[in-house]
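The opening position of the sequence shown corresponds to residue 1 in full-length UniProt numbering, with each subsequent residue numbered one higher.
The next block holds one structure in the form of structure tokens; read it before the comments.
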Amino acid sequence: MTEARPSWDSPMQFVLACVSYAVGLGNVWRFPYLCQMHGGGGFLIPYLLMLILEGIPLFCMELAIGQKMRLGSIGAWTAISPYLGGLGIASVVTSMYLCLYYNVINAWSFWYLFHSFQSVLPWAECPVNANRTGYLEECEVASPTQYFFYRETLNISSSIDENGGLHMGQALCLLLAWIIVYLFIVRGVKSTGVVVYFTATFPYVVLIIYLIRGVTLHGAWNGVKYMFTPKLEQLANPQTWINAATQIFFSLGLGFGSLIAFSSYNHHNNDFEKQAVIISLINSGTSVFASIVTFSIYGFKATFNYESCLERMRLLCLNAFDLSEESISAGNVTEWIHYLNITHPESFAAIASKIEHCSLEAELDTAVEGTGLAFIVYSEAIKNMPLSQLWSVLYFIMLLLLGMGSMLGNVTAIITPLADIKLLSRSLSSESINGLVCLLCLLLGFGFTSRSGNYWFTIFNEYAATLSLLFIVFLEVISVCYVYGLRRFERDIEDMLGHRPNWYWKVMWAVVSPLLLFSLFIFYIINYIQGGTPTYQAWDKDLGRSVVKEYPVYGQVFIALLLLSALSCVPLAALHAVCRRKQRGTAIREHRHA
Numbered sequence: 001m002t003e004a005r006p007s008w009d010s011p012m013q014f015v016l017a018c019v020s021y022a023v024g025l026g027n028v029w030r031f032p033y034l035c036q037m038h039g040g041g042g043f044l045i046p047y048l049l050m051l052i053l054e055g056i057p058l059f060c061m062e063l064a065i066g067q068k069m070r071l072g073s074i075g076a077w078t079a080i081s082p083y084l085g086g087l088g089i090a091s092v093v094t095s096m097y098l099c100l101y102y103n104v105i106n107a108w109s110f111w112y113l114f115h116s117f118q119s120v121l122p123w124a125e126c127p128v129n130a131n132r133t134g135y136l137e138e139c140e141v142a143s144p145t146q147y148f149f150y151r152e153t154l155n156i157s158s159s160i161d162e163n164g165g166l167h168m169g170q171a172l173c174l175l176l177a178w179i180i181v182y183l184f185i186v187r188g189v190k191s192t193g194v195v196v197y198f199t200a201t202f203p204y205v206v207l208i209i210y211l212i213r214g215v216t217l218h219g220a221w222n223g224v225k226y227m228f229t230p231k232l233e234q235l236a237n238p239q240t241w242i243n244a245a246t247q248i249f250f251s252l253g254l255g256f257g258s259l260i261a262f263s264s265y266n267h268h269n270n271d272f273e274k275q276a277v278i279i280s281l282i283n284s285g286t287s288v289f290a291s292i293v294t295f296s297i298y299g300f301k302a303t304f305n306y307e308s309c310l311e312r313m314r315l316l317c318l319n320a321f322d323l324s325e326e327s328i329s330a331g332n333v334t335e336w337i338h339y340l341n342i343t344h345p346e347s348f349a350a351i352a353s354k355i356e357h358c359s360l361e362a363e364l365d366t367a368v369e370g371t372g373l374a375f376i377v378y379s380e381a382i383k384n385m386p387l388s389q390l391w392s393v394l395y396f397i398m399l400l401l402l403g404m405g406s407m408l409g410n411v412t413a414i415i416t417p418l419a420d421i422k423l424l425s426r427s428l429s430s431e432s433i434n435g436l437v438c439l440l441c442l443l444l445g446f447g448f449t450s451r452s453g454n455y456w457f458t459i460f461n462e463y464a465a466t467l468s469l470l471f472i473v474f475l476e477v478i479s480v481c482y483v484y485g486l487r488r489f490e491r492d493i494e495d496m497l498g499h500r501p502n503w504y505w506k507v508m509w510a511v512v513s514p515l516l517l518f519s520l521f522i523f524y525i526i527n528y529i530q531g532g533t534p535t536y537q538a539w540d541k542d543l544g545r546s547v548v549k550e551y552p553v554y555g556q557v558f559i560a561l562l563l564l565s566a567l568s569c570v571p572l573a574a575l576h577a578v579c580r581r582k583q584r585g586t587a588i589r590e591h592r593h594a
């Protein structure tokens, strides 16, 4: 007797699971960076257009496939065509890569969270040197926040060639992160369905608290105004549209198999069409909302740095020209510099090299993405807030919940197909299989906690998923429309929802989305070819900053293997299916002759 497939307790559980998965760290750190880089509020125009043309249709398609087939990615695509099983395998491989390095970010969040319970935040000031005669020179040259991230959190080496041992503190944080992930998914959707009520909602509570605090900070409105001031000339930049399309694509988590796995636990007549629109809008709305919070914090930081710069200039002028404290205020420093340059040209020339160029606009224009925004820029802003420990704890709890929510979908994308194809399940319980998957990812993930681990983290972050996901989703939509058949897919949807999809869905699936995906795929291939030798940012402790280095030959070979490993699953699995079919045909003919 076949065991009944488990299901979500309610449609709300499914929606919260998808929201928890889709709304992740990229909403907090990548979307604000893209807004900053591509014209502030003007970036919303291509972003929302790509949401309509690409995001919502593809999101709905994956939900429909999972709900109809009631299988994970491997089983679902094999059911559509025995030659397409490789699509599911490619999704599992890509999800495995993502799990390996994504949970490392959660480990960093744990590290910062634990260090937030100190009377003085450890990234607020530099440590003293060995002789206790002053602060560490490397930290002073860089900044306390950069030093804490690169040297205390990562204990980073100066290049990918210098490996070193594991950072035991980070290794223990990674172990804790994987233990929590396992507890969240140990009983499949039964445990995940309970957890998502918290992981999907509490980050919004923290974001609202941060919004209230953020907009009341000195200079916060400088950042918010900067975000919503559109630079419409950026709309003529093709890169703006490409980044908008890729941001929609990756923020919704398409191609990993997580959405197919989640929807496979739905009831047959669940209204996935309505849910796809709701979840996609929540995801994009969260990106905009999180950007307002981020830019308010960013405006506070930029204003603080700008005013600190003016104060340094003021003190320099006071000391150099023996002026009274009352003569120069922070508000008229630049006017005084211009005046002193005219009235005391010789004296001013002697200190001109020491005069800084202070610019609020330049501070706001400094674009930072990824871990730099999450763990350096935010930390620098937090240390200057009153009650900085409280805001630090809240912020890193929010990062943890966002990261853990995404991890639930990533791990489900692996364990659901394995359970469907009965891999190891004949001799092991589902809890044991889930534990083995987590253990394997943990052991492989320990490599990212070595001194050169962050460089390998960067390789996985930049190359493990981008190209393969575009390839996977492009084949998905082509397979549904032109292999499985769009009319057959329409009938399946009618069977589940009671009505056929309207013209919008059919035009997007059959024409618009495939063209967009193909264009993005070609763009990335051209970009990789024209990019020359891949490079990475290596930390130079003598200079106290990152420097650009080329990957060694073995690094370049690893990147190539990483790119090809998921892509090759599709043709290899198809070839295997052809061979098996020929073997069956030969066996049948031999049996007849016998």
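The C-beta atom is built at its ideal place from N, Cα and C for all residues, glycine as well.
What you are looking at is a predicted structure, and each value in this text was computed from that prediction instead of being measured.
For a test of the three-state rule: what should DSSP assign to Arg545, helix, strand or coil?
strand
On a CA-only basis, which of Val547, Thr586 and Arg187 is nearest Ala142? Give me that one, please.
Val547
Would you mind sorting Tyr306 into buried or exposed? The rule is 16 or more other CB atoms within 10 Å of its CB.
buried
Close beta carbons around Ser284, own chain, < 6 Å, minus the five adjacent residues each side
Leu51
Work out the CA separation of Leu53 and Gly40 for me, nearest whole Å.
21 Å
Between Asp9, Ile74 and His115, which has its C-alpha nearest Ser392's C-alpha?
His115
Ile89 and Ala76: beta carbons closer than 8 Å?
Going by C-beta atoms, Ile89 is not nearer than 8 Å to Ala76.
Excluding the 5 residues preceding and the 5 following Ala22 in the sequence, name in chain order all residues of the same chain whose CB lies nearer than 7 Å to its CB.
Ser251, Leu252, Gly253, Ile279 and Asn283
Return yes when the Cβ of Trp178 is within less than 8 Å of the Cβ of Cys438, no when it is not.
Contact: yes.
Quick one: using the 10 Å Cβ neighbour count with 16 as the cut-off for buried, is Ile588 buried or exposed?
exposed
Cα separation between residue 595 and Val128?
The structure shown does not extend to residue 595, since the chain is modelled only from 1 to 594, so the question has no answer here.
Which of the three DSSP states, helix, strand or coil, is assigned to Val186?
coil
Could you have a look at Tyr536 and say whether DSSP puts it in helix, strand or coil?
strand
When you compare only the Cα positions, how much space is there between Val28 and Gly219?
20 Å
Indicate the three-state DSSP secondary structure (helix, strand or coil) for Ser450 in the structure shown.
strand
Express the C-alpha separation of Gly409 and Phe184 in angstroms, rounding to a whole number.
11 Å
When Gln118, Ser291, Ala130 and Asn270 are compared against Lys383, the one with the closest alpha-carbon
Gln118
Grab the span of the alpha helix (DSSP H) containing Met69 for me, first residue to last.
Ile56 to Met69
Less than 7 Å between C-beta atoms, sequence neighbours within five positions excluded: which residues of the same chain meet that for Leu16?
Taken in chain order, the residues that qualify are Val196, Tyr197 and Ala200.
Here's the rule: buried if 16 or more other CB atoms are within 10 angstroms of the residue's CB, otherwise exposed. What is Lys301?
buried
If we count the other Cβ atoms within 10 Å of its Cβ and call it buried at 16 or more, is Pro552 buried or exposed?
exposed
With DSSP as the reference, label Val570 as helix, strand or coil.
helix
With DSSP as the reference, label Tyr135 as helix, strand or coil.
strand
Please state whether DSSP places Glu550 in a helix, a strand or coil.
strand
By a C-beta neighbour count over all protein chains shown, 10 Å radius and 16 as the cutoff for buried, is Asn269 buried or exposed?
exposed
I need the straight-line Cα distance from Arg151 to Asn222, nearest angstrom please.
32 Å
Less than 8 Å between the C-beta atoms of Tyr33 and Ala465, yes or no?
no
Test: Met385 CB closer than 8 Å to a CB of chain C:
Among the chains in the structure shown there is no chain C, since it carries only a single protein chain.
Rounding to the nearest angstrom, what Cα-Cα distance links Tyr528 and Tyr536 in this structure?
So the alpha carbons of these two residues sit roughly 14 Å apart.
Could you tell me the alpha carbon to alpha carbon distance between Ser264 and Asp420, rounded to whole angstroms?
11 Å
Which listed residue (Gly485, Gly299 and Phe202) has its alpha carbon closest to that of Phe228
Gly299
Buried versus exposed call for Leu216 [16 or more other C-beta atoms within 10 Å across all chains shown]
At residue 216 the sequence reads Thr, which differs from the Leu that was named. So Thr216 counts as exposed.
Over the uninterrupted alpha helix (DSSP H) stretch that includes Ala419, give me the two end residues.
For Ala419, the enclosing alpha helix (DSSP H) has its first and last residue at Ser388 to Asp420.
Since I believe Asn461 is in contact with Tyr112 (beta carbons under 8 Å), could you give me their beta-carbon distance rounded to a whole number of angstroms?
Contact between Tyr112 and Asn461 does not hold, since the beta-carbon distance rounds to 19 Å and is not under 8 Å.
What distance in whole Å lies between the Cβ atoms of Asn103 and Met407, which are believed to be in contact at a cut-off of 8 Å?
6 Å
Hey, could you find the ends of the alpha helix (DSSP H) Arg487 is sitting in?
For Arg487, the enclosing alpha helix (DSSP H) stretches over residues Leu486 to Leu497.
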